[in-house]
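Enquirer: Under the working numbering, the first residue of the sequence shown carries the number 9, and numbering increases by one thereafter.
Even for Gly, the Cβ is constructed at its ideal location relative to N, Cα and C.
Structure incoming, see below.
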Amino acid sequence: MTIPSEVDVIVAPAPATDSGSYVDWPAIIAGIVIAAAISLVLLSFGSAVGLSMVDFRAGPDVPAIWIAIAAGTWLLWVQISSFMAGAYVTGRLRRRHNDATEEESDIRDGVHGLLVWGGALVVGGIIAVGGISAAANAVGSAASTVTNAAATVADDAAGALDPNAYFVDTLFRPASAPAGGTAPDSIAARAEAGRIIAQGAIAGSVSDPDRAYLAQVVAANTGLTADEATTRVNDVLTAVDTAKAQAAAAAETARKTGVLGAFLIAASLLVSAAGAFWAAQQGGNHRDSRTSFGTTFRRVR
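See the structure below:
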């Protein structure tokens, strides 16, 4: 028997290993761009038809609450659909590593969808902060211009900015034109009445002695009788209380609306995160199975 002098040994090649990070940033950036573009287009369409949370107007027969609900629903749909579209694109474009099981690959695809969601929020936040800063600078410039202009007309500006000026003018509106065509000088009386009303606003109501004094001052400066002056004082103070109540109600409504809006935005962002996770997984599954959607994206020859 002949023994061979040489033996050929065949070594099987080692399995290929992936190098680099598991995070596919180019695919993530592509998803962020797609999400931002889709949201911009859809929000533009919504603003064109009045579905805007910034400024919406209802028709004469449509309550504003229904327009607000429609605008909120549209904003929710735009937010969720744009994030899901961007996440799907990222999942479809993400490079799959060979060291992962199907379950692990699905999780990595979903995490890439969450990165699209987070990246789009960061970009949107930066844009929003930039817009707010620009608006603040514009407001600061406008305020400086107004301040400089108001310095030349300080007395008129002070009267125009006084929230009680209208009510004080109502108090001293003459019942009839005085003889000789000149009205009595009531500047000091008006100033004192303004201070009384301001004190009443701070205290919650004008005291009975102050009411009686106001009636006397009004009667002396307008020619009204004591009873007519008392009636006018009561009417004006009632109007002041009504204005205060309306302002308080408007502030409370704005507060509740702000809280509700913030809650809805936070809830919709959480839903969008879940949608982005799921859409990225679907994109990864379609990538692995090479889903072509029939003739939808067929190459035109």
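1. Would you check if the distance between the CB atom of G99 and the CB atom of I40 is smaller than 8 Å?
2. Rounded to a whole number of angstroms, what is the C-alpha to C-alpha distance between A206 and Q254?
3. Out of Y96, I195, L51, which has the shortest C-alpha to C-alpha gap to T299?
4. Going by DSSP, what residue range makes up the alpha helix (DSSP H) through R298?
5. Any idea if A256 is buried or exposed, counting beta-carbon neighbours within 10 angstroms, 16 or more meaning buried?
6. Is the region 82-94 touching the region 45-52 in the sense that three or more CB pairs, one from each, lie closer than 8 Å?
7. Answer yes or no: do G292 and D114 have a C-beta to C-beta separation smaller than 8 Å?
8. How would you call R102, buried or exposed, if buried means at least 16 neighbouring beta carbons within 10 angstroms?
9. Which residue marks the beginning of the alpha helix (DSSP H) containing A45, and which one marks its end?
10. Grouping DSSP H, G and I as helix and E and B as strand, with all else coil, what is A151?
11. List the whole-angstrom C-beta distance separating A288 from G132, where the pair is believed to meet the contact cut-off of C-beta under 8 Å.
12. Looking only at its chain, what residues have a beta carbon closer than 7 Å to the beta carbon of H294, apart from the 5 residues adjacent to it on each side?
13. Quick one: give me the first and last residue of the alpha helix (DSSP H) that V225 is part of.
14. Roughly how many whole angstroms lie between the Cα atoms of L268 and F91?
15. Mapping the DSSP letters down to three states, classify T265 as helix, strand or coil.
16. CB A237 to CB A223, shorter than 8 Å?
17. Of the residues F180, D216, S276, S213, which one's Cα is nearest the Cα of A199?
18. How many Å lie between T311 and V226 at the Cα?
19. Is it buried or exposed for Q290, if we count other Cβ within 10 angstroms and need 16 for buried?
20. Please say whether G212 and N172 have beta carbons closer to each other than 8 Å?
21. Mind checking which residues open and close the alpha helix (DSSP H) that includes R198?
22. Going by DSSP in three states, H105 sits in which element: helix, strand or coil?
23. Do you know offhand how far A196's Cα is from R263's?
24. Exposed or buried, what is F4 when buried is set at 16 or more other beta-carbons lying within 10 Å of its beta-carbon?
25. By how many angstroms is the C-alpha of L272 removed from the C-alpha of L278?
26. By Cβ distance below 8 Å, which residues in the same chain neighbour Y30 in space, the five residues on each side in sequence not counted?
27. Around the C-beta of A228, are 16 or more other C-beta atoms found within 10 angstroms, so that it is buried, or is it exposed?
Expert: Judging by the given coordinates:
1. For the purposes of this step, residue 99 is identified with residue 91 of the sequence shown, where counting begins at 1. For the purposes of this step, residue 40 is identified with residue 32 of the sequence shown, where counting begins at 1. In this structure, I40 does not lie closer than 8 Å to G99 by Cβ.
2. In the sequence shown, the residue the question calls residue 206 occupies position 198. In the sequence shown, the residue the question calls residue 254 occupies position 246. The alpha-carbon atoms of A206 and Q254 are separated by roughly 17 Å.
3. The residue you call residue 299 lines up with position 291 of the sequence shown. Comparing Cα positions, the closest option is Y96.
4. Translated into the one-based positions of the sequence shown, residue 298 becomes position 290. Taken as a continuous stretch (DSSP letters only), R298 belongs to no alpha helix (DSSP H), as it is neither H nor E.
5. The count along the sequence shown starts at 1 and reaches residue 256 at position 248. With fewer than 16 Cβ atoms within 10 Å of its Cβ, A256 is classed as exposed.
6. yes
7. Position 284 of the sequence shown holds residue 292. Position 106 of the sequence shown holds residue 114. Yes, the Cβ-Cβ distance between G292 and D114 is below 8 Å.
8. Within the sequence shown, the letter at position 94 stands for residue 102. Burial call: buried.
9. For the purposes of this step, residue 45 is taken as residue 37 along the sequence shown, with counting starting at 1. Start and end: 33-56.
10. Within the sequence shown, residue 151 is the residue found at index 143, counting from 1. Low confidence applies to A151: its pLDDT is 49, below 50, so where it sits in the model is not reliable, and the reading given next is rough at best. In this structure, A151 counts as helix in the three-state DSSP scheme.
11. Along the sequence shown, read from residue 1 onward, the residue named residue 288 stands at position 280. Along the sequence shown, read from residue 1 onward, the residue named residue 132 stands at position 124. 19 Å between Cβ atoms; not a contact.
12. For this step, residue 294 is matched to residue 286 along the sequence shown. Contacts found: R100.
13. Counted from its first residue, the sequence shown places residue 225 at position 217. Element bounds for V225: 216-230.
14. In the sequence shown, residue 268 corresponds to position 260, counting from 1. In the sequence shown, residue 91 corresponds to position 83, counting from 1. The alpha-carbon atoms of L268 and F91 are separated by roughly 22 Å.
15. Here residue 265 corresponds to residue number 257 of the sequence shown, with the count starting at 1. Correct three-state label for T265: helix.
16. The sequence position of residue 237 within the sequence shown is 229, counting from 1. The sequence position of residue 223 within the sequence shown is 215, counting from 1. Yes. Within cutoff.
17. Position 191 of the sequence shown holds residue 199. Per the Cα distances, F180.
18. Residue 311 cannot be examined here, being either before or after the span of the chain that is shown, 9 to 309.
19. Locating residue 290 in the sequence shown gives position 282, counting from the first residue. Looking at its Cβ environment, which holds 16 or more other Cβ atoms inside 10 Å, Q290 is buried.
20. By 1-based counting over the sequence shown, the position of residue 172 is 164. By 1-based counting over the sequence shown, the position of residue 212 is 204. No, Cβ-Cβ distance for N172 and G212 is not below 8 Å.
21. Within the sequence shown, numbered from 1, the residue matching residue 198 stands at position 190. From DSSP, the alpha helix (DSSP H) with R198 extends over 195-211.
22. The sequence position of residue 105 within the sequence shown is 97, counting from 1. H105 falls in the coil class under three-state DSSP.
23. By one-based count along the sequence shown, residue 196 stands at place 188. By one-based count along the sequence shown, residue 263 stands at place 255. A196 and R263: Cα-Cα distance of roughly 39 Å.
24. Limits of the chain in this structure are 9 at one end and 309 at the other, which puts residue 4 out of reach.
25. One-based indexing of the sequence shown puts residue 278 at position 270. One-based indexing of the sequence shown puts residue 272 at position 264. If I take the Cα positions, the gap works out to 10 Å.
26. Working through the sequence shown from its first residue, we reach residue 30 at position 22. The beta carbon of Y30 sits closer than 8 Å to those of H105, R116, all from its chain and outside the five residues before and after it, given in chain order.
27. Residue 228 sits at position 220 when you count from the first residue of the sequence shown. A228 should be labelled exposed.
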